[in-house]
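Below is one structure, written out as structure tokens; comments come after it.
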Amino acid sequence: MTTLTLKLSTLRGNLVRCPTIVLIGWIWLAIMLLIALFAEVLTPYVYTALDLSARLQPPVGFGGQSNHLLGTDELGRDVLSRLITSIKMSLLIAFASTLISATIGLTLGFLAARFRGFVEQAVMVAIDFQASIPFMLIALAVLAFFGNTLVLFICLMGCHGWERTARITRNLTISAVEQGYANAVEALGASTWRIYFRHILPNIASTLIVSMTLTFPEVILLESGLSFLGLGVQAPLTSLGNMVGYGREYLQSAPWILLAPASIIVLTTLSISLVGDWVRDKLDPTLQ
Amino acid sequence: MNYLLTRGARSGLTVLLVVTFTFFILRMSGDPAMMILSADAPPEAIEAFRQNWGLDAPLSHQYFGYLGNILAGNFGVSMRNGASAMSLVLEAIPATLAITLPAFALKLLLGIPAGIFAAFHRNTWIDRLIMSFSVAGHSMPSFVLGVLLVLIFAVSLGWLPSGGYASWGHAILPIITLAIGGAAVLARYTRSAMLEVLGQPYIRAASAKGLSWHLVVIRHALPNAAAPILTIMGLMLGALIAGAVVVESVFSWPGVGRLIVSAVGNRDLAVVQAALLLVTFSMVGANLLVDALNVMIDPKIRSSK
Chain A
3 MTTLTLKLST
13 LRGNLVRCPT
23 IVLIGWIWLA
33 IMLLIALFAE
43 VLTPYVYTAL
53 DLSARLQPPV
63 GFGGQSNHLL
73 GTDELGRDVL
83 SRLITSIKMS
93 LLIAFASTLI
103 SATIGLTLGF
113 LAARFRGFVE
123 QAVMVAIDFQ
133 ASIPFMLIAL
143 AVLAFFGNTL
153 VLFICLMGCH
163 GWERTARITR
173 NLTISAVEQG
183 YANAVEALGA
193 STWRIYFRHI
203 LPNIASTLIV
213 SMTLTFPEVI
223 LLESGLSFLG
233 LGVQAPLTSL
243 GNMVGYGREY
253 LQSAPWILLA
263 PASIIVLTTL
273 SISLVGDWVR
283 DKLDPTLQ
Chain B
11 MNYLLTRGAR
21 SGLTVLLVVT
31 FTFFILRMSG
41 DPAMMILSAD
51 APPEAIEAFR
61 QNWGLDAPLS
71 HQYFGYLGNI
81 LAGNFGVSMR
91 NGASAMSLVL
101 EAIPATLAIT
111 LPAFALKLLL
121 GIPAGIFAAF
131 HRNTWIDRLI
141 MSFSVAGHSM
151 PSFVLGVLLV
161 LIFAVSLGWL
171 PSGGYASWGH
181 AILPIITLAI
191 GGAAVLARYT
201 RSAMLEVLGQ
211 PYIRAASAKG
221 LSWHLVVIRH
231 ALPNAAAPIL
241 TIMGLMLGAL
251 IAGAVVVESV
261 FSWPGVGRLI
271 VSAVGNRDLA
281 VVQAALLLVT
291 FSMVGANLLV
301 DALNVMIDPK
311 IRSSK
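Those sequence lines, one after another, are chains A and B.
Everything in the first sequence is counted per this note's numbering, starting at 3 for the first residue and increasing by one.
Everything in the second sequence is counted per this note's numbering, starting at 11 for the first residue and increasing by one.
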């Protein structure tokens with residue numbers, strides 16, 4: 003347990019002294035998280051509510067009225083409400099998928115390290131397979147063959163990036179088993195389950211967090227890309243990529259429909275990569 | 011040689027896995043007859059469709075028939091318009107290459123020199139400027155970048171067309187969109203690979219004997235920093251055919267990517283599968299090429315096996 007707690011506490015200490023730009027990144031991500039958590043309270047309208055008398059109304063400051071701060075789309079739906087709901091949806095998918103991906107990777111990595119031999123070879127072949135084709139194409143094929151529901155879509159996104167976690171887990175676990183402590187606990191009569199989850203997991207957790215900081219932004223980009231193409235989150239649900247794809251048709255007459263979600267995507271992915279780089283510098287043992 | 015043989019065998023296995031994956035996912039996704047014809051089609055029509063597509067044979071029989079067809083270069087026909095699926099994909103390739111090849115060249119021309127330059131001026135404002143551009147370019151999704159470029163250069167300024175496939179002018183925005191993201195990634199990898207090499211004693215020795223800095227870079231630093239840069243380039247090379255899925259859709263460019271997206275939308279499984287296999291071949295081929303190049307450049311790999 004000690005290494006991770008030690009690293010996390012130095013991380014907390016460092017947070018006070020981190021560069022301004024990284025601090026801004028943290029603050030932005032915190033705001034996004036709060037918006038996602040309190041989406042129901044924050045939305046001024048129901049995101050599907052139509053207001054046909056106020057169609058394509060520009061945002062405040064560009065000739066719009068204060069009842070729709072960020073303007074409306076061509077059905078008179080409030081862009082701010084849709085934006086908040088989209089942030090919630092995109093973050094929900096990204097969090098759920100990153101967790102699924104980490105769980106798959108951790109399980110397969112542990113299995114490969116525990117049983118070696120045939121199991122390990124099978125896991126390695128699966129890793130090779132996953133790494134050899136761009137995941138976007140696997141996702142497109144699965145969506146073509148199975149159709150699309152939100153649960154299927156989240157599970158599909160959860161299949162992204164597990165190969166990195168699995169490879170890291172396997173390598174680290176094999177070297178952890180070779181160190182004395184796993185044998186010591188085993189000699190004390192601990193179960194395999196206990197050895198792996200209570201003793202090995204905390205010791206490799208920091209590297210796993212590093213791997214998750216890479217998966218999370220990739221899932222956001224993947225989800226928004228697929229939704230942009232109309233193949234991800236389906237109407238009446240909405241996500242950031244969805245709004246951009248949909249707003250493209252009104253690029254000339256109502257660019258605000260597209261600019262609001264586009265800037266949220268850019269700022270969020272930018273913040274994640276700044277914060278992620280910084281966390282990696284602090285946590286990655288190979289860099290220290 | 012042994013090393014390359016192992017890699018070759020693994021690549022073959024990967025291709026076989028992808029073929030199997032597409033076959034099973036195709037069969038698991040429900041009855042294609044029901045998807046193409048509607049559920050209330052007459053039973054005779056459904057039966058005729060099944061016989062026509064070989065769907066009434068046992069699964070193992072279907073699988074080996076499928077493998078044989080693929081080996082014979084027969085990838086099935088589009089379930090929508092009856093054209094050969096592979097020829098549909100092959101016809102779309104020139105349009106894709108027309109934007110991905112120039113974009114690939116542009117990535118190399120921008121990314122590698124920028125990375126080298128940043129490494130040489132480590133921790134100065136030049137380095138920070140280049141790396142800020144790199145982080146920004148890397149974290150900007152291509153569809154947002156593409157749409158913003160359309161908004162600026164097509165809608166506001168009216169300099170370039172916003173989409174379509176008619177003249178070279180139409181290719182400029184897609185090429186730039188593709189190049190920026192790739193150049194950002196390459197610059198980052200080149201910088202860190204160079205930094206690792208520049209700290210080595212032989213570089214100090216080369217500078218100490220009075221070589222000018224560009225000779226140091228070309229003769230001593232670059233060959234030693236090449237392996238990670240080559241690996242990234244290999245991924246980009248493999249993505250020449252399929253790397254433009256989103257960008258082609260943004261600019262209505264009639265390449266492989268847009269074909270895949272519309273085939274997915276129509277659930278035209280034969281076309282999706284032909285495109286997926288073609289892309290797998292090109293990715294696996296590019297990876298093998300990079301492995302071979304790495305063996306040629308790096309004697310350490312040769313001697314380790």
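Using N, Cα and C, we set each Cβ at its ideal position, and we do this for glycine too.
Residue i and residue j closer than 9 Å at C-beta
i, j, result
"A252(B)", "M138(A)", "yes"
"V145(B)", "L224(A)", "no"
"L269(B)", "A254(B)", "no"
"A237(B)", "A197(B)", "no"
"F252(A)", "E76(A)", "Reading off the sequence shown, one finds Tyr at residue 252(A), where the question assumed Phe. Yes."
"G65(A)", "S273(A)", "no"
"T290(B)", "V99(B)", "no"
"L231(A)", "V195(B)", "no"
"A104(A)", "L210(A)", "yes"
"T5(B)", "G209(B)", "The displayed coordinates of chain B run from 11 to 315. Any statement about residue 5(B) would go beyond what the structure contains."
"V274(B)", "L14(B)", "no"
"R325(B)", "D130(A)", "Coverage of chain B is limited to positions 11 through 315, which leaves residue 325(B) absent and any answer about it impossible."
"I109(B)", "P184(B)", "yes"
"T45(A)", "L82(A)", "yes"
"G220(B)", "I190(B)", "no"
"V125(A)", "L110(A)", "yes"
"G173(B)", "V165(B)", "no"
"D308(B)", "R17(B)", "no"
"V157(B)", "R250(A)", "yes"
"G244(B)", "G192(B)", "no"
"L52(A)", "G78(A)", "yes"
For residue i, the residue or residues it bridges with in DSSP
i, result
"D283(A)", "The partner list for D283(A) (beta bridge, DSSP) is empty, contrary to what the question assumes."
"S94(B)", "V87(B)"
"D80(A)", "T74(A)"
Which listed residue (the options) has its alpha carbon closest to that of residue i
i, options, result
"L31(A)", "L285(A), R200(A), Q123(A), I267(A)", "I267(A)"
"G163(A)", "M34(A), E251(A), I106(A), C20(A)", "I106(A)"
"T32(B)", "L52(A), D75(A), V144(A)", "V144(A)"
"I80(B)", "D301(B), A280(B), R201(B), N304(B)", "A280(B)"
"I126(B)", "L26(B), L14(B), L225(B)", "L225(B)"
"L93(A)", "I23(A), L71(A), L285(A), F218(A)", "F218(A)"
"V235(A)", "D53(A), T151(A), A51(A)", "T151(A)"
"D278(B)", "L303(B), L205(B), V87(B)", "V87(B)"
"R169(A)", "A133(A), Y183(A), S226(A), V179(A)", "A133(A)"
"L285(A)", "T215(A), A189(A), Y183(A)", "T215(A)"
"A176(B)", "Y76(B), P264(B), L119(B), N276(B)", "P264(B)"
"D7(B)", "L205(B), M89(B), L167(B)", "The first residue shown for chain B is 11 and the last is 315, placing residue 7(B) beyond what the model contains."
"Q123(A)", "L23(B), G78(B), Y73(B), A181(B)", "L23(B)"
"C157(A)", "T100(A), L203(A), P263(A), V179(A)", "T100(A)"
"V25(B)", "G78(A), Y47(A), V127(A), R250(A)", "V127(A)"
"M141(B)", "L69(B), F74(B), T200(B)", "T200(B)"
Given 8 Å, three or more beta-carbon pairs between the stretch 291 to 299 of chain B and the stretch 247 to 262 of chain B: yes
The stretch 125 to 138 of chain B touching the stretch 241 to 256 of chain A, judged by at least three CB pairs closer than 8 Å: no
Proximal residues, the stretch 228 to 255 of chain A versus chain B, C-beta separation under 8 Å: F230, L231, G232, L233, G243, V246, G247, R250, L253, Q254
Cβ pair count under 8 Å reaching 3, the stretch 256 to 264 of chain A against the stretch 59 to 68 of chain A: yes
Residues of the stretch 241 to 271 of chain B whose Cβ lies closer than 7 Å to any Cβ of chain A, in chain order: A249, A252, V255, V256, S259, I270, V271
Against chain A: residues of the stretch 120 to 136 of chain B by CB proximity under 8 Å: none
Contact list for the stretch 149 to 161 of chain B against chain A, Cβ threshold 8 Å: S149, M150, P151, S152, F153, V154, V157, L158, V160, L161
Positions along the stretch 178 to 200 of chain A whose CB lies within less than 7 Å of some CB in chain B: none
Near-chain B residues of the stretch 140 to 171 of chain A - C-beta to any C-beta below 9 Å: I140, L142, A143, V144, L145, A146, F147, F148, G149
Inter-stretch contact at 8 Å, needing at least 3 Cβ pairs: the stretch 104 to 120 of chain A / the stretch 167 to 177 of chain A: yes
Meets three-Cβ-pair contact criterion under 8 Å: the stretch 88 to 97 of chain B and the stretch 274 to 288 of chain B: yes
Touching by the beta-carbon criterion (3+ pairs, under 8 Å), the stretch 259 to 279 of chain B and the stretch 149 to 158 of chain B: yes
Contacting positions in the stretch 69 to 87 of chain B - beta carbon closer than 8 Å to chain A: Cβ contacts with chain A come from no residue of the stretch 69 to 87 of chain B.
Against chain A: residues of the stretch 288 to 306 of chain B by CB proximity under 9 Å: V289, T290, M293, V294, N297
Residues in the stretch 185 to 204 of chain B having any Cβ partner in chain A nearer than 8 Å: none
Stretch-stretch touch, CB-based, cutoff 8 Å, three pairs: the stretch 124 to 142 of chain A with the stretch 179 to 199 of chain A: no
contact_flag[the stretch 70 to 90 of chain A, the stretch 36 to 43 of chain A] where n(CB pairs < 8 Å) is 3 or more: Touching, yes.
Members of the stretch 120 to 138 of chain A near chain B, C-beta cut-off 7 Å: V127, D130, F131, S134, I135, P136, M138
Where the stretch 161 to 186 of chain B meets chain A: residues whose CB sits under 7 Å from a CB there: L161, V165
Residues of the stretch 12 to 29 of chain B with Cβ closer than 7 Å to any Cβ of chain A, in chain order: R20, L23, T24, L27, V28
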